[in-house]
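Student:
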Amino acid sequence: MKKYKVTEKIDTVQESAALYGYQNFDDAGVFKIIDIAKRGISFNFFDNLVKKFPFSFQEWAGFLHISGKTLSRYQKEEKTFDTLQSEKILQIEMLYTRGKEVFGSSENFLIWLQSENLALGKTKPQDLLGSNFGVSLLMDELTRIEHGVLA
1 MKKYKVTEKI
11 DTVQESAALY
21 GYQNFDDAGV
31 FKIIDIAKRG
41 ISFNFFDNLV
51 KKFPFSFQEW
61 AGFLHISGKT
71 LSRYQKEEKT
81 FDTLQSEKIL
91 QIEMLYTRGK
101 EVFGSSENFL
111 IWLQSENLAL
121 GKTKPQDLLG
131 SNFGVSLLMD
141 ELTRIEHGVL
151 A
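Just so it is clear: in the sequence shown, position 150 is 150 by the UniProt record's numbering, and no numbers are missing.
1) Compute the distance between the beta-carbons of F81 and F43, then report whether it is under 9 Å.
2) Return yes when the Cβ of L150 is within less than 9 Å of the Cβ of A119, no when it is not.
3) Quick check: what's the CA-CA separation for E78 versus K69?
4) Would DSSP call S115 helix, strand or coil?
5) Quick check: the Cα distance between K38 and H147, rounded to an integer number of angstroms?
6) Are the Cβ atoms of G121 and L110 separated by less than 9 Å?
7) So what's S86 in DSSP terms, helix, strand or just coil?
8) Tell me whether Q23 sits in a helix, a strand or coil according to DSSP, three-state version.
9) Kindly identify the DSSP beta-bridge partner or partners of S42.
10) If you draw a straight line from the C-alpha of W60 to the C-alpha of S72, how long is it?
11) Who are the Cβ neighbours of S115 in its own chain at under 6 Å, not counting the five residues just before and after it?
12) Per DSSP, residue 165 forms a beta bridge with which residues?
Printed below as a string of structure tokens:
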């Protein structure tokens, strides 16, 4: 397997996976995102993501599989998330960016995210955010919607 060396330093401002575009990943882009996740997402970046969604801190704690107290401590101490939590945060950021592209606005995407969905077994898409498989399923569903394949 070919190894890639990441030579450019990525600033906190550049943490957003949206900069790389969900469907336009080349190997270097994937390795940049892996590097960002390994270094950890700052609470500041996470806080900016939280503001895009209508979810409570307790719901975010559930998505990240940590307690609400731990999440509050991260906020208070401005801690950096570990690799697994950082990956989940990046996945949700990428889902948000993709959803805005497909639905044309964040408002329409958030309505879809909170509405019961027949194609997902009458589940609200937001209920799948705590699972990597769930986020992947939502990405696939967004692609189907984009191409008009609704069943």
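The C-beta atom is built at its ideal place from N, Cα and C for all residues, glycine as well.
Tutor: With the structure as the only source:
1) yes
2) yes
3) 14 Å
4) coil
5) 34 Å
6) no
7) helix
8) Confidence at Q23 is low in this model, with a pLDDT of 49, below 50, so its placement is unreliable and the value that follows should be read with caution. Correct three-state label for Q23: coil.
9) T80
10) 11 Å
11) none
12) Any answer about residue 165 is impossible in this case: the structure gives the chain only from 1 up to 151.
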